[in-house]
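Visitor: I'd like to ask you about the structure that follows.
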Ligand SMILES: [Fe+2]
Ligand SMILES: [Fe+2]
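Protein chains in written order, with the numbering used here: chain A, 1 to 281; chain B, 282 to 615.
Have a look at this one:
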């Protein structure tokens with residue numbers, strides 16, 4: 001192997017700086033501002049990436065009513081993204097807007113849970129993913145209504161109304177399809193099993209979560225588990241579906257380590273902003 | 282309306298002396314501007330014609346989701362993404378109202394869907410053109426929704442009550458779409474050189490297909506004459522096309538874009554623009570299935586329908602089980 005040239009010249013340093021132009025110095029890790037910024041992007045990125053996935057169905061759903069309902073869910077999620085990422089930018093205080101955060105960060109700066117980036121596969125898979133997420137999202141927002149930060153509480157109250165409806169709808173469809181035909185049952189059971197390992201991440205705390213909980217800004221992740229468990233027990237049993245007994249959970253999304261799908265999502269989502277920097281749309 | 286080339290049955294307008302007394306009364310009501318409601322008597326040809334026209338319009342709304350849906354995941358800002366999602370959702374809603382209006386005439390949504398998927402019924406050919414750059418989303422709103430409005434505003438006065446009411450609701454949303462489309466065009470036309478290039482390219486590709494949306498000249502068509510007598514068609518295709526061109530030319534000028542027609546000029550005498558006819562051989566080719574996206578569009582709808590069968594069957598099966606359980610519970614309670 002040829003020896004590597006020494007690139008750490010002052011010139012290379014200047015080049016590296018220029019290449020990073022626009023990406024402002026991040027907030028110092030461990031500060032409350034950084035924790036809050038991260039907590040808010042976790043909320044915003046969940047909404048953005050799931051909204052993106054749901055919107056991929058547009059025009060391709062099994063019935064017209066579902067096209068309309070899915071567009072509704074996606075619209076709610078994109079609206080929530082604007083609020084959470086808008087607040088994240090405000091907290092960061094470096095002039096980044098919700099759009100900057102959505103379109104100009106790379107995958108390792110996204111902090112959504114891995115569940116929401118899983119591909120749509122069939123409609124049953126999409127619905128099951130939605131239900132598993134909604135069953136977490138709803139109590140999460142409920143808890144956020146008690147945040148010490150009034151801005152968070154306000155967004156959570158608004159989003160909570162929308163998400164209560166998302167959960168009602170996804171739970172209802174999971175029940176009807178689980179307890180429908182042999183085929184619909186099999187498809188929903190398969191979706192549940194495939195998605196199961198991706199559900200645990202939402203309840204695993206890292207230091208940021210712990211400090212946010214300590215500060216009364218956001219709930220501790222594991223505190224949401226009993227409500228989620230109860231919802232699943234009720235809905236899945238009515239749906240005649242069997243809850244997988246594995247407790248294994250893929251993690252990493254919240255810390256910016258994503259699946260291979262994430263790069264593909266971003267390469268379509270961010271393409272125009274990346275290809276024509278500085279343009280307004 | 283997104284209904285081109287809907288042919289009326291029969292040989293043009295029936296002379297009054299050949300009408301039955303019932304038909305005469307029916308025509309008198311239409312002439313007096315009354316609305317015909319679903320439960321009332323109507324000539325079979327009127328019913329069949331309306332089913333085809335409303336059905337084709339509904340199908341167009343549904344297929345129309347596809348070219349715009351093509352850009353939802355790539356919309357350049359969160360707000361543009363939300364606006365586009367809401368627009369495509371509106372189009373699905375329009376499809377829904379129109380299928381409901383058609384159902385009042387005794388045809389089910391499933392029957393109409395099967396007719397679309399088997400190619401027996403058409404949808405507007407405009408949706409067989411691709412959306413290739415982001416400005417196309419602007420151009421579709423501005424020109425395609427614009428042309429649709431031109432067609433649909435007069436249809437708010439159509440003789441069939443449910444259709445007229447659906448048109449009133451739909452027109453409000455369509456004019457919103459047109460404004461949003463024009464807003465995208467403004468941003469693009471006044472943006473970077475690349476954005477202006479996209480905007481001009483979109484106009485170049487969508488101009489003639491938009492003119493085709495009104496259909497070929499029908500001033501001598503006996504079919505159109507009967508539809509006009511029944512007030513399920515209000516203006517001739519040429520009248521509407523002229524109006525559309527006259528409305529659009531100053532809008533394009535304001536954007537600083539060039540309409541791709543060297544013959545286009547103001548004609549003082551007629552008080553309207555002279556313009557080149559679209560290439561009607563292209564129109565007939567697209568209608569026959571040879572547009573750039575015909576196969577892809579129809580296949581996308583066929584796949585959505587086929588892949589969704591298990592979902593629809595599952596819901597039906599569940600409803601049956603739930604009914605049976607309720608019935609059993611009633612029996613047990615007695
Ligand atoms: Fe529409
Ligand atoms: Fe529209």
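Every residue gets a Cβ at the ideal spot worked out from N, C-alpha and C, and that includes glycine.
How would you label residue 55 of chain A, buried or exposed, when you count the other beta carbons within 10 angstroms and need 16 or more for buried?
Guide: Taking the first residue of the first chain as 1, we reach residue 55 of chain A at position 55. By the 10 Å Cβ count, residue 55 of chain A comes out buried.
Visitor: Flag this pair as yes or no: are the beta carbons of residue 378 of chain B and residue 480 of chain B separated by less than 8 Å?
Guide: Position 97 of the second chain holds residue 378 of chain B. Position 199 of the second chain holds residue 480 of chain B. Contact: no.
Visitor: Taking C-alpha atoms, which residue in B:304, B:327, B:307 and B:303 lies nearest to residue 505 of chain B?
Guide: For the purposes of this step, residue 505 of chain B is taken as the residue at position 224 of the second chain. Selected option, being the one with the closest Cα: B:327.
Visitor: Nearest chain A C-beta to residue 473 of chain B closer than 8 Å, yes or no?
Guide: Looking up residue 473 of chain B in the second chain gives position 192. It does; some Cβ of chain A falls within 8 Å.
Visitor: Are there any heavy atoms of ligand 2 lying less than 7 Å away from the beta-carbon of residue 426 of chain B, as far as the coordinates show?
Guide: Here residue 426 of chain B refers to the residue found at position 145 of the second chain. Yes, the beta carbon of residue 426 of chain B sits closer than 7 Å to at least one heavy atom of ligand 2.
Visitor: Where does residue 401 of chain B land, buried or exposed, given buried means 16+ other C-beta within 10 angstroms?
Guide: On the second chain, position 120 is the one that residue 401 of chain B refers to. It is exposed - the Cβ of residue 401 of chain B has fewer than 16 other Cβ atoms within 10 Å.
Visitor: Can you list, in chain order, the residues of its chain with a C-beta nearer than 8 Å to that of residue 233 of chain A? Leave out the 5 residues immediately preceding and following it.
Guide: Taking the first residue of the first chain as position 1, residue 233 of chain A is located at position 233. Closer than 8 Å at the Cβ level, and outside the excluded window around residue 233 of chain A, lie 243.
Visitor: Given a cut-off of 8 Å, decide if residue 430 of chain B and residue 459 of chain B are closer than it, judged by their beta-carbon atoms.
Guide: Position 178 of the second chain, counted from the first residue, corresponds to residue 459 of chain B. Position 149 of the second chain, counted from the first residue, corresponds to residue 430 of chain B. Yes.
Visitor: Confirm, please, whether the CB-CB distance from residue 343 of chain B to residue 239 of chain B is below 8 Å.
Guide: Residue numbering for chain B in the displayed model covers 282 to 615; residue 239 of chain B lies beyond these limits and cannot be assessed.
Visitor: Over the uninterrupted beta strand (DSSP E) stretch that includes residue 554 of chain B, give me the two end residues.
Guide: As a working mapping, residue 554 of chain B is identified with position 273 in the second chain. Here the beta strand (DSSP E) through residue 554 of chain B covers 553 to 555.
Visitor: So with Cβ pairs under 8 Å, would you call residue 21 of chain A a contact of chain B?
Guide: Here residue 21 of chain A is taken as the residue at index 21 of the first chain, counted from 1. For residue 21 of chain A, the predicted model reports a pLDDT of 45, less than 50, meaning its position is unreliable and no value from the coordinates is stated.
Visitor: With three or more C-beta pairs closer than 8 Å as the rule, is the segment 589 to 602 of chain B touching the segment 172 to 180 of chain A?
Guide: In short, these stretches touch, since the Cβ pair count reaches three.
Visitor: For the alpha helix (DSSP H) containing residue 362 of chain B, name the first residue and the last one.
Guide: Counting from 1 along the second chain, the entry for residue 362 of chain B is found at position 81. 359 to 384 is the span of the alpha helix (DSSP H), which, as asked, contains residue 362 of chain B.
Visitor: Report the residues of the segment 584 to 605 of chain B with a CB closer than 9 Å to any CB of chain A, ordered along the chain.
Guide: Per Cβ criterion, the list reads 584, 585, 586, 588, 589, 590, 591, 592, 593, 594, 595, 596, 597, 598, 599, 600, 602 and 603.
Visitor: With distances taken between CB atoms, is the gap from residue 359 of chain B to residue 102 of chain A smaller than 8 Å?
Guide: Counted from its first residue, the second chain places residue 359 of chain B at position 78. Counted from its first residue, the first chain places residue 102 of chain A at position 102. Contact: yes.
Visitor: Check whether chain B comes within 8 Å of residue 281 of chain A, counting only Cβ atoms and requiring the distance to be less than that.
Guide: As a working note, residue 281 of chain A is residue 281 in the first chain. It does: the Cβ of residue 281 of chain A has a partner Cβ on chain B nearer than 8 Å.
Visitor: Roughly how many angstroms lie between the CA atoms of residue 160 of chain A and residue 35 of chain A, to the nearest whole one?
Guide: For this step, residue 160 of chain A is matched to residue 160 along the first chain. For this step, residue 35 of chain A is matched to residue 35 along the first chain. Spanning the two alpha carbons is a distance of roughly 22 Å.
Visitor: Considering only the alpha carbon of each residue, which of A:38, A:33 and A:114 lies closest to residue 199 of chain A?
Guide: Within the first chain, residue 199 of chain A is the residue found at index 199, counting from 1. Residue A:114 is the option with its Cα nearest to residue 199 of chain A.
Visitor: Could you tell me which residues DSSP puts in a beta bridge with residue 547 of chain B?
Guide: By 1-based counting over the second chain, the position of residue 547 of chain B is 266. Looking at the DSSP assignment, residue 547 of chain B forms a beta bridge with B:554.
Visitor: Express the C-alpha separation of residue 454 of chain B and residue 546 of chain B in angstroms, rounding to a whole number.
Guide: Taking the first residue of the second chain as position 1, residue 546 of chain B is located at position 265. Taking the first residue of the second chain as position 1, residue 454 of chain B is located at position 173. Residue 546 of chain B and residue 454 of chain B: Cα-Cα distance of roughly 32 Å.
Visitor: Less than 7 Å between the CB of residue 375 of chain B and some heavy atom of ligand 1, yes or no?
Guide: One-based indexing of the second chain puts residue 375 of chain B at position 94. For ligand 1, at least one heavy atom lies less than 7 Å from the Cβ of residue 375 of chain B.
Visitor: Between the segment 433 to 446 of chain B and the segment 509 to 521 of chain B, do at least 3 Cβ pairs fall closer than 8 Å?
Guide: With a cut-off of 8 Å, the segment 509 to 521 of chain B and the segment 433 to 446 of chain B count as touching, because enough Cβ pairs lie within range.
Visitor: For ligand 1, is there a heavy atom less than 7 Å away from the beta-carbon of residue 451 of chain B?
Guide: Locating residue 451 of chain B in the second chain gives position 170, where the first residue counts as 1. Flag set: Cβ of residue 451 of chain B near ligand 1.
Visitor: Residues of the segment 157 to 179 of chain A in Cβ contact with chain B at a cutoff of 9 Å, in chain order, please.
Guide: Listed by position along the chain: 173, 175, 176, 177, 178 and 179.
Visitor: Please classify residue 391 of chain B as buried or exposed, where buried requires at least 16 other C-beta atoms within 10 Å of its C-beta.
Guide: Taking the second chain and counting its residues from 1, the one referred to as residue 391 of chain B is at position 110. Exposed, by the Cβ-count rule.
Visitor: What's the C-alpha gap between residue 212 of chain A and residue 116 of chain A?
Guide: Looking up residue 212 of chain A in the first chain gives position 212. Looking up residue 116 of chain A in the first chain gives position 116. Cα-Cα distance, rounded: 22 Å.
Visitor: For residue 600 of chain B, collect the residues of the same chain with a Cβ closer than 7 Å to its Cβ; drop the 5 residues on either side in sequence, then sort them by chain order.
Guide: Along the second chain, read from residue 1 onward, the residue named residue 600 of chain B stands at position 319. No residues qualify anywhere along the chain.
Visitor: I'd like to know if residue 56 of chain A contacts chain B, where contact means its C-beta is closer than 8 Å to some C-beta of that chain.
Guide: Here residue 56 of chain A corresponds to residue number 56 of the first chain, with the count starting at 1. Yes, residue 56 of chain A counts as interfacial toward chain B.
Visitor: Check whether chain B comes within 8 Å of residue 195 of chain A, counting only Cβ atoms and requiring the distance to be less than that.
Guide: For the purposes of this step, residue 195 of chain A is taken as residue 195 along the first chain, with counting starting at 1. With 8 Å as the cut-off, residue 195 of chain A does not count as an interface residue toward chain B.
Visitor: Any chance the segment 314 to 331 of chain B sits against the segment 348 to 355 of chain B, with 3 or more Cβ pairs inside 8 Å?
Guide: With the cut-off at 8 Å, the segment 314 to 331 of chain B and the segment 348 to 355 of chain B do not touch.
Visitor: Under the rule that 16 or more other beta-carbon atoms within 10 Å means buried, what is residue 66 of chain A, buried or exposed?
Guide: Here residue 66 of chain A is taken as the residue at index 66 of the first chain, counted from 1. Result: buried.
Visitor: Below 8 Å on the Cβ atoms is my guess for residue 208 of chain A versus residue 38 of chain A; work out the distance and round it to an integer in Å.
Guide: As a first step, residue 208 of chain A must be located in the first chain, where it is residue number 208. As a first step, residue 38 of chain A must be located in the first chain, where it is residue number 38. Sure, about 5 Å apart at Cβ, within 8 Å.
Visitor: From the DSSP output, read off the bridge partner residues of residue 317 of chain B.
Guide: The residue you call residue 317 of chain B lines up with position 36 of the second chain. The partner list for residue 317 of chain B (beta bridge, DSSP) reads B:441.
Visitor: If the cut is a Cβ gap below 8 Å, which residues of chain C does residue 78 of chain A touch?
Guide: Considering every chain present, this structure includes no chain C. Its protein chains are A and B.
Visitor: Counting pairs of beta carbons, one from the segment 84 to 99 of chain A and one from the segment 224 to 239 of chain A, are three or more of them closer than 8 Å?
Guide: Output reads no: the segment 224 to 239 of chain A does not touch the segment 84 to 99 of chain A.
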